[in-house]
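Student: 1041 is the number of the first residue of the sequence shown in the numbering used here; add one for each residue after it.
Where is the CB? At the ideal position from N, CA and C, for every residue including glycine.
Because the structure is a prediction, the values reported are computed rather than measured.
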Amino acid sequence: MKIAVFFVLFSSLTISQSLAPAPVEGGTMFFYKPAEGEQVNSLSVAGGFNGWKAGQYPFTHFPKEGIWKAVAPLEPGKEVFYKFIINDTLWITDPNAPFITEDEWRNGVITPVPYGVPYISEVHPAQGQRITRISPVTMRLIGFNSQPDKNTIRLLFNGQRQEFSFNENTSVLSFSLPDDLPDGEHTIELSFGDKNGKNSGKIQTKFFADRYIIPVTSPAFYDSAVMYEIYIRTFADSDGDGIGDFNGITSRLGYLSDTLGVNTLWLMPWNESTTEHGYNVVDYFSIEQDYGTFEDYQIFLKECKNRGIRVLMDFVINHTDSTHNWFLDAYNNPSSTYTSSYQFTNDKNTDWNHFGVERKMPKLDFDNPQVGEYFLEAARFWLDPNGDGDFSDGIDGFRCDAAKEVPHTYWNTFRKFVKSINPEALILGEVWDNLNYLIPFYKEEFDMLFDYPFYYSLERYMTSADAAKFAEDESRYESALPAGHQKVRFLSNHDNQRPLNLFEGNLNKLRQALFLIFAMPGTPMIYYGDELLYQGVLPPENVRNQLEWNFIADSLAYEGSMLNFYRELIAMRKAHPALSRKHDSFESSMNIFPDKKGEAAAFIRYSGKDIYLGVINNSGKIIKDLEFDADHFNNVTFTDNRWHDRIIAAEIESDNFRGMVYPEIVKIGERVLASALYINHGGFILLKLNQ
Ligand SMILES: [Ca+2]
Ligand SMILES: [Ca+2]
Ligand SMILES: [Ca+2]
1041 MKIAVFFVLF
1051 SSLTISQSLA
1061 PAPVEGGTMF
1071 FYKPAEGEQV
1081 NSLSVAGGFN
1091 GWKAGQYPFT
1101 HFPKEGIWKA
1111 VAPLEPGKEV
1121 FYKFIINDTL
1131 WITDPNAPFI
1141 TEDEWRNGVI
1151 TPVPYGVPYI
1161 SEVHPAQGQR
1171 ITRISPVTMR
1181 LIGFNSQPDK
1191 NTIRLLFNGQ
1201 RQEFSFNENT
1211 SVLSFSLPDD
1221 LPDGEHTIEL
1231 SFGDKNGKNS
1241 GKIQTKFFAD
1251 RYIIPVTSPA
1261 FYDSAVMYEI
1271 YIRTFADSDG
1281 DGIGDFNGIT
1291 SRLGYLSDTL
1301 GVNTLWLMPW
1311 NESTTEHGYN
1321 VVDYFSIEQD
1331 YGTFEDYQIF
1341 LKECKNRGIR
1351 VLMDFVINHT
1361 DSTHNWFLDA
1371 YNNPSSTYTS
1381 SYQFTNDKNT
1391 DWNHFGVERK
1401 MPKLDFDNPQ
1411 VGEYFLEAAR
1421 FWLDPNGDGD
1431 FSDGIDGFRC
1441 DAAKEVPHTY
1451 WNTFRKFVKS
1461 INPEALILGE
1471 VWDNLNYLIP
1481 FYKEEFDMLF
1491 DYPFYYSLER
1501 YMTSADAAKF
1511 AEDESRYESA
1521 LPAGHQKVRF
1531 LSNHDNQRPL
1541 NLFEGNLNKL
1551 RQALFLIFAM
1561 PGTPMIYYGD
1571 ELLYQGVLPP
1581 ENVRNQLEWN
1591 FIADSLAYEG
1601 SMLNFYRELI
1611 AMRKAHPALS
1621 RKHDSFESSM
1631 NIFPDKKGEA
1641 AAFIRYSGKD
1651 IYLGVINNSG
1661 KIIKDLEFDA
1671 DHFNNVTFTD
1681 NRWHDRIIAA
1691 EIESDNFRGM
1701 VYPEIVKIGE
1711 RVLASALYIN
1721 HGGFILLKLN
1731 Q
């Protein structure tokens, strides 16, 4: 008996030994466990707390445990971003960080808690979070080696005493927010003691309300659009100089619109530039000479209009090229009229703030109205080059590069200006960051944003196979976004690895992820070459390959090719409009949930009487029978059992179960049972539920 008890205690201790950063005397302890065969000679932690200086807080190796440990004196309650540095050179993300930023940096994020005193966790809304709908505040109170004492809790909301309820079993404190809660910052302050008599001291957390009384109004065209991103330089060359050009794209529009079925093109920058990628513009009113003439561009645009294809321009306004005439004038010339258009950091105008590490990309200063007005003029030019009020010679919208580097106030001005010229013009923003960061960019600024949170959530699901977590993330995410919002969903672009590499060469995961992107809300986007199963990992040069046009015919001829898979998905989305219906918590067109065992991720798409059930099996085994809560099927009438007639799309076969798909779906009381629904690991199915 004693041995058994000891064993239980011992194993629970082992399991609970997390490698997440933990409070210790004198600061926060970080852990790192190298992978088998990983060569680690030295290791340190750095972040905002020490100016990102490598080596200042080194780890010590504990060979017996196979773990490295370091302590940094972090200030409790103050959120920090951090990374680990291996062998002084390789910056990596802490694999056990409680949160990882969903931007290009992938930093670990922690809010250190003090050692030896009670603290709070699982706070909702989380510290610093933006909310768009009102829901109760909840948090878990954690004592130091003992339970919190309810009688000691003191709670203030925006400086006023606040009533609350406290569940002593779960240690969760909660209170409701008033329906008329004003927008803006809200502060929660509390203190409490535990049964050992330790006191938390004052704990503060803040959140923001952003209610979007005005919903986002994005052009309806993009709800059912399929977008395609092109790097002009490597897409199609018309004159044999080895560089892709406008005439080359024009000659391939048949492939894009008829063969593939896309109807929106985002072209990487086409203004004159000194780099291959073009993200540093020399002249905002020009066509890159490598890509052809302005006439070539106009012919391309006209052919797109004839085919009903919309064209988005990559608008790069955070910085210019260092040979832009403004910068040439201002460089080493403090009396230049353009001195205050840039962010010079010395008196002589010989040093300046720039984008990332690129000195060739001097940052503009939007505090100077001259800068903003210049880009309104550029926008007007591309929307209507001859200024006659007829947009048939203009672009259909802007893909705004590095949008988070440019002030919100400017995007608001930009929106008003663009919409006053052409209300149908699309304003699409690249905000490479988490949901919390995205939200403010919708408010009177952008019609659509690239959905980075979904990109990372999908990656996590494919790695972890945690269907319940995926469904929860997606539901929570959708409910936080404003009414009427739209987003672009993608698996890759010119800055990210190719999708096959994202899923480590696993074709089943790739097909599942694509299926989700084409069956769920948001505008799907394809990065050129993905349909030919191109591979490539960062740096970005590796994912900007030359498109090999002679592969297309082969790919079309092979039924099982990725190109044909893309074509099927696009056709599926077009044939079933419910799949492209917009979704947010105000206008619901989707419900996502796991099955009762948490093995499959399922979703229902609905639009009026059209109801579809999608199921993904990423569980590692064959699913034969599924059971769901009937609550998810409220709008469904279970009339007959001819389900096999209603399979819209499926990748369900394995060698053992080929052709054995005759699902029966019935509702019994509180449950919906889908039996004989064979889905192999890596498979998916989409069924129409109502005839
Ligand atoms: Ca060429
Ligand atoms: Ca050039
Ligand atoms: Ca015109």
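Taking 7 Å as the line, does the beta carbon of Pro1425 fall inside it for any heavy atom of ligand 3?
Tutor: Indeed, a heavy atom of ligand 3 lies less than 7 Å from the Cβ.
Student: Looking at Ser1629: is its Cβ nearer than 8 Å to the Cβ of Arg1607?
Tutor: no
Student: How would you label Ser1175, buried or exposed, when you count the other beta carbons within 10 angstroms and need 16 or more for buried?
Tutor: exposed
Student: When you get a sec, list the residues whose CB is within less than 5 Å of any heavy atom of ligand 1, chain order please.
Tutor: Asp1277, Asp1279, Asp1281, Ile1283, Asp1285
Student: Apart from the five residues just before and just after Thr1129, which ones in its own chain have a Cβ nearer than 8 Å to its Cβ?
Tutor: none
Student: Which one of Gly1524, Phe1490, Asp1506 has the shortest CA to CA distance from Lys1483?
Tutor: The shortest Cα separation from Lys1483 among Gly1524, Phe1490, Asp1506 belongs to Gly1524.
Student: Between the C-alpha atoms of Phe1555 and Phe1724, what's the straight-line distance to the nearest angstrom?
Tutor: 8 Å
Student: How about the segment 1617 to 1629 and the segment 1560 to 1576: do they share at least three Cβ pairs that are nearer than 8 Å?
Tutor: yes
Student: Among the candidates Ala1597, Pro1116, Thr1314, whose CA atom is the shortest distance from the CA of Val1153?
Tutor: Pro1116
Student: Would you say Ser1313 touches ligand 2, meaning its beta carbon is less than 7 Å from a heavy atom?
Tutor: Between ligand 2 and the CB of Ser1313, the shortest heavy atom gap is smaller than 7 Å.
Student: Can you tell which of Tyr1331, Tyr1122, His1317 has the C-alpha that lies nearest to the C-alpha of Gly1280?
Tutor: Tyr1331
Student: DSSP has Gln1526 in a bridge; who is on the other side?
Tutor: Met1488
Student: Pair every Cβ in the segment 1236 to 1256 with every Cβ in the segment 1203 to 1213, then say whether three or more of these pairs are closer than 8 Å.
Tutor: no
Student: Between Thr1390 and Ala1520, what straight-line distance do the alpha-carbon atoms span, to the nearest angstrom?
Tutor: Straight-line Cα distance between these residues: approximately 45 Å.
Student: State whether the segment 1419 to 1433 contacts the segment 1398 to 1408, with contact taken as three or more CB pairs (one from each stretch) at a distance under 8 Å.
Tutor: no
Student: State the CB to CB distance for the pair Leu1653 and Leu1729, rounded to an integer number of angstroms; the pair is presumed to be in contact (CB under 8 Å).
Tutor: 5 Å
Student: Per DSSP, Tyr1324 forms a beta bridge with which residues?
Tutor: None, per the DSSP bridge assignment.
Student: Measure the alpha-carbon distance for Thr1385 versus Asn1358 and round it to whole angstroms.
Tutor: 17 Å
Student: Only counting the same chain, and skipping five residues up and downstream in sequence, which positions put a Cβ closer than 8 Å to that of His1394?
Tutor: His1359, Lys1400, Met1401, Pro1402, Lys1403
Student: Just how far apart, CA to CA, sit Ala1086 and Ala1443?
Tutor: Cα to Cα, Ala1086 sits roughly 27 Å from Ala1443.
Student: Give, in chain order, every unbroken run of the alpha helix (DSSP H) that is at least 4 residues long and sits entirely within the segment 1252 to 1304.
Tutor: 1272 to 1275, 1286 to 1291
Student: Looking at the unbroken beta strand (DSSP E) that takes in Asn1452, where does it start and where does it end?
Tutor: Note, Asn1452: premise wrong, no beta strand (DSSP E); alpha helix (DSSP H) at 1448 to 1461.
Student: With a Cβ-Cβ cutoff of 8 Å, do Glu1667 and Arg1711 count as a contact?
Tutor: Between Glu1667 and Arg1711, the C-beta spacing is below 8 Å.
Student: Grouping DSSP H, G and I as helix and E and B as strand, with all else coil, what is Ile1349?
Tutor: coil
Student: If you drop the 5 nearest sequence neighbours on each side, which residues of the same chain put their C-beta closer than 7 Å to that of Tyr1324?
Tutor: Apart from the 5 residues on each side of it in sequence, Tyr1324 sits with its Cβ closer than 7 Å to the Cβ of Asn1311, Ala1418 in its chain, given in chain order.
Student: For the beta strand (DSSP E) holding Met1401, just list the boundary residues, first then last.
Tutor: That run of the beta strand (DSSP E) goes 1398 to 1402.
Student: Are three or more beta carbon pairs between the segment 1343 to 1358 and the segment 1286 to 1295 nearer than 8 Å?
Tutor: The segment 1343 to 1358 is in contact with the segment 1286 to 1295.
Student: Taking just the CA atoms, how far does Pro1259 sit from Gln1202?
Tutor: 43 Å
Student: For Asn1209, count neighbouring C-beta atoms within 10 Å of its own C-beta (all shown protein chains included) and say buried if the count is 16 or more, exposed if not.
Tutor: Flag for Asn1209 reads exposed.
Student: Once the 5 residues before and after Leu1049 are set aside, which same chain residues still bring their CB inside 7 Å of it?
Tutor: Any answer about Leu1049 is weak, because its pLDDT of 32 lies below 50 and its placement is not dependable; what the coordinates show is given next. Leaving aside the five residues that flank Leu1049 on each side, none in its chain has a CB nearer than 7 Å to its CB.
Student: Is Asp1336 close to ligand 2? I mean its beta-carbon at under 7 Å from any heavy atom of the ligand.
Tutor: Answer for Asp1336: no, Cβ out of range of ligand 2.
Student: Is it the case that the CB of Asp1330 approaches a heavy atom of ligand 2 more closely than 7 Å?
Tutor: Indeed, a heavy atom of ligand 2 lies less than 7 Å from the Cβ.
Student: Where Ser1715 and Trp1683 are concerned, what is the direct C-alpha to C-alpha distance, given to the nearest angstrom?
Tutor: Near 11 Å, if we compare the C-alpha coordinates of Trp1683 and Ser1715.
Student: Please determine whether the Cβ atom of Gly1434 lies at a distance below 7 Å from any heavy atom of ligand 3.
Tutor: yes
Student: Give me, in chain order, the residues of the same chain whose beta-carbon lies closer than 8 Å to that of Ile1055; leave out the 5 immediate sequence neighbours on both sides.
Tutor: For Ile1055, the pLDDT reaches just 35, beneath the cut-off of 50, and the residue's location in the model is therefore unreliable, although a value from the coordinates is still provided. Excluding residues within five positions, none has a Cβ falling inside 8 Å.
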